[in-house]
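Peer 1: According to my numbering, the stretch in the sequence shown is residues 29 to 294, in order.
Even for Gly, the Cβ is constructed at its ideal location relative to N, Cα and C.
Quick caveat: nothing in here was measured; it's all calculated off a predicted structure.
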Amino acid sequence: MRLKDRVAIVVGAGQSPGEGIGNGRATALTFAREGAKVLCVDHNLASAQETVDMIAESHGVAAAFRADVTKNTELKGMVEDAKGRWGRIDVLHNNVGVSLAGGDAELLDISEEAFDRCVAINLKSCVWAARHVIPIMRQQRSGAIINISSMAAITTYPYVAYKATKSAMVAFTEQLAYQNAQYGIRANVILPGLMNTPMAVDTRAREFRKSRAEIEAERDSKVPLRQKMGTGWDVANAALFLASDEASFITGVTLPVDGGASVRRG
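#1: Identify whether R237 lies in helix, strand or coil by the three-state DSSP scheme.
#2: Tell me the rounded alpha-carbon separation between N208 and V251.
#3: In this structure, does DSSP put D70 in helix, strand or coil?
#4: Which one of A41, I37, G40 and P45 has the shortest CA to CA distance from A233?
#5: Inspect the beta-carbon positions of I218 and V285 and report whether they are closer than 8 Å.
#6: Note down the Cα distance separating L73 from T79, rounded to an integer number of angstroms.
#7: Assuming V97 and S177 are in contact, meaning their beta carbons sit under 8 Å apart, how far apart are those beta carbons, in whole angstroms?
#8: When the distance is taken between beta carbons, is L270 closer than 8 Å to I278?
#9: Give the straight-line distance between the Cα atoms of R169 and S276, rounded to the nearest whole angstrom.
#10: Beta-carbon within less than 6 Å of R12's beta-carbon, same chain only, minus the 5 sequence neighbours each way: which residues are those?
#11: Helix, strand or coil: how does DSSP classify T282 here?
#12: Going by other Cβ atoms of all chains shown within 10 Å of its Cβ, with 16 needed for buried, is R237 buried or exposed?
#13: Residues in the same chain with beta-carbon distance under 6 Å from V161, minus the five sequence neighbours each way, listed in chain order, please.
#14: How about A215: is its C-beta nearer than 8 Å to some C-beta of chain D?
#15: Can you tell me which of the three DSSP states M165 falls into?
#16: List the DSSP bridge partners of H301.
#17: Kindly list the residues whose CB is nearer than 7 Å to the CB of S249, restricted to its own chain and excluding five residues on each side of it in sequence; keep chain order.
#18: Under a Cβ-count criterion, where at least 16 other Cβ atoms within 10 Å of its own Cβ denotes burial, should D81 be classed as buried or exposed?
#19: Suppose you measure from the CA of T201 to the CA of A215; what does that come to, to the nearest Å?
#20: Where does R25 land, buried or exposed, given buried means 16+ other C-beta within 10 angstroms?
#21: Going by alpha carbons, who is nearest to E62 out of W261, L103 and R34?
#22: With H, G and I counted as helix, E and B as strand and the rest as coil, what does DSSP make of L204?
#23: Distance, Cα to Cα, A189 vs M179?
#24: Let me know the secondary structure DSSP gives A91 once reduced to three states.
#25: Taking C-beta to C-beta, are A264 and N51 nearer than 8 Å?
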């Protein structure tokens, strides 16, 4: 019960269609299992409610909230709902992100609309979500913000908007950590590597017209550790550590969860 009596917002707590479990859903389930009350936020309310129902089956406490994260007013409403429902906010976990599903592409192929959409979802939403929780956390003199970036931020990646926004997420998290350390607020960022999630695998299978098994095999072969992708649970376990008191002296850290991919050079 490492998060007993804590209140957590997980943005992106639903998941894309496909097999397995996404990072956001796995994190919401993990936080609830460890004692947190979890506001499960997603643009797809039915998917968020599925996560809530899974938490309820294990006797956890959670509620679903629909929000279009590109709209600042809806992010404000999300924070107000959590605070009004449970009286405080201890953890903000920003898990939303799109690449191919948002129309991302290589430089000569990307449209202005797709670029703007990816920036709004991947970066702007996290900035404004933090903007709304920081006053509450400052008043509490405590809080943890966990942002999900990607190994795309520090490795080669062909699609423009995802690479740019996930790189910016690292810089923004470092700024959050430095500017709010005096208030007892911690901010850290996770860089998932190749993960076997519906967003990462099933979306690519649809986009490239390949079978899921083909995409899995291609991605598995690129992972140094056991030639096997990670899962949403690997990201969730890292997030649990960063949200817990075990990480009470850790802020401003960029944590790869990548099966060793980041140690390769050249």
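Peer 2: Quick answer:
#1: Along the sequence shown, one-based indexing puts residue 237 at 209. Three-state DSSP puts R237 in coil, outside helix and strand.
#2: By one-based count along the sequence shown, residue 208 stands at place 180. By one-based count along the sequence shown, residue 251 stands at place 223. One C-alpha to the other measures close to 36 Å.
#3: Translated into positions along the sequence shown, residue 70 becomes position 42. Correct three-state label for D70: strand.
#4: Mapped onto the sequence shown, residue 233 falls at position 205. Taking only the C-alpha atoms, the option nearest A233 is P45.
#5: Translated into the one-based positions of the sequence shown, residue 218 becomes position 190. Translated into the one-based positions of the sequence shown, residue 285 becomes position 257. Against a cut-off of 8 Å, the Cβ pair of V285 and I218 comes out as a contact.
#6: Numbered from 1 along the sequence shown, position 45 holds the residue referred to as residue 73. Numbered from 1 along the sequence shown, position 51 holds the residue referred to as residue 79. In a straight line, the C-alpha of L73 is about 10 Å away from that of T79.
#7: Locating residue 97 in the sequence shown gives position 69, counting from the first residue. Locating residue 177 in the sequence shown gives position 149, counting from the first residue. No, V97 and S177 are not in contact; Cβ-Cβ is about 16 Å, not under 8 Å.
#8: Position 250 of the sequence shown, counted from the first residue, corresponds to residue 278. Position 242 of the sequence shown, counted from the first residue, corresponds to residue 270. A contact, by the Cβ cut-off of 8 Å.
#9: Your numbering for residue 169 matches position 141 in the sequence shown. Your numbering for residue 276 matches position 248 in the sequence shown. Rounded to the nearest angstrom, the two C-alpha atoms are 13 Å apart.
#10: What the structure shows of the chain is the stretch from 29 to 294, and residue 12 is not part of that stretch, so it cannot be assessed.
#11: The count along the sequence shown starts at 1 and reaches residue 282 at position 254. Reduced to three states, the DSSP call for T282 is strand.
#12: Numbered from 1 along the sequence shown, position 209 holds the residue referred to as residue 237. Exposed is the call here.
#13: As a position in the sequence shown, residue 161 is number 133, starting the count at 1. Within the same chain, V161 has close Cβ partners V107, I117 and L120.
#14: Reference to chain D is not applicable here, since this structure consists of a single protein chain.
#15: The residue labelled residue 165 in the question sits at position 137 within the sequence shown. Helix.
#16: Because the chain spans 29 through 294 in this model, residue 301 falls outside it and cannot be assessed.
#17: Position 221 of the sequence shown, counted from the start, is the residue given in the question as residue 249. The residues are Q255.
#18: Taking the sequence shown and counting its residues from 1, one reaches residue 81 at position 53. Burial call: exposed.
#19: Here residue 201 corresponds to residue number 173 of the sequence shown, with the count starting at 1. Here residue 215 corresponds to residue number 187 of the sequence shown, with the count starting at 1. Looking at the two C-alpha atoms, the distance is approximately 6 Å.
#20: In the structure displayed, the chain extends from 29 to 294; residue 25 sits before or after that span and is not available.
#21: Residue numbering aside, residue 62 sits at position 34 when the sequence shown is read from its first letter. Comparing Cα-Cα distances from E62 to each of W261, L103 and R34, the minimum goes to R34.
#22: In the sequence shown, residue 204 corresponds to position 176, counting from 1. L204: helix per DSSP, three-state reduction.
#23: Taking the first residue of the sequence shown as position 1, residue 189 is located at position 161. Taking the first residue of the sequence shown as position 1, residue 179 is located at position 151. If I take the Cα positions, the gap works out to 14 Å.
#24: Translated into positions along the sequence shown, residue 91 becomes position 63. The answer is strand: DSSP assigns A91 an E or B state.
#25: Taking the sequence shown and counting its residues from 1, the one referred to as residue 264 is at position 236. Taking the sequence shown and counting its residues from 1, the one referred to as residue 51 is at position 23. Yes, these two residues count as a Cβ contact at 8 Å.
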